[in-house]
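In this note's numbering, the protein residues as written are 546 to 640. Note that CB positions come from ideal geometry on N, CA and C, so glycine has one too. What follows is a single structure, written as structure tokens, with notes after it.
Encoded structure:
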């Protein structure tokens with residue numbers, strides 16, 4: 546949209562992501578449930594001057610919400626070193 550020497554631009558954006566997947570690269574193959582939602586709006590106006598680049602003025606607004614849940618239904622497999630190390634890391638994270 547244009548008005549005289551001004552040009553107006555408005556951009557709304559919405560995204561929703563829900564993923565469930567097995568983390569096959571970790572011992573015990575935990576299952577991760579990830580959710581993320583985002584609502585974003587951008588408004589801008591450009592003022593054009595003679596023989597120069599446009600001068601932008603704008604504002605962005607964003608609202609986001611997400612969650613991450615991990616469950617490990619299978620026991621940790623591999624060597625004793627891997628099992629103890631993985632247990633120690635998980636215990637530190639849960640504290």
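Within the model, the alpha-carbon separation for residue 608 versus residue 621 is close to 38 Å.
Of the candidates 592, 585, 615 and 598, 585 places its Cα closest to the Cα of residue 605.
Looking at the backbone, the Cα of residue 554 and that of residue 587 are separated by about 8 Å. Residues 591 and 593 of the same chain have their beta carbon placed closer than 6 Å to that of residue 599, with the five preceding and five following residues left out of the count. In the structure shown, the three-state DSSP call for residue 550 is coil. In the three-state DSSP reduction, residue 569 falls in the coil class, being neither helix nor strand. Around residue 616, the same chain offers 575 and 576 as residues with beta carbons nearer than 7 Å, after the five sequence neighbours per side are excluded.
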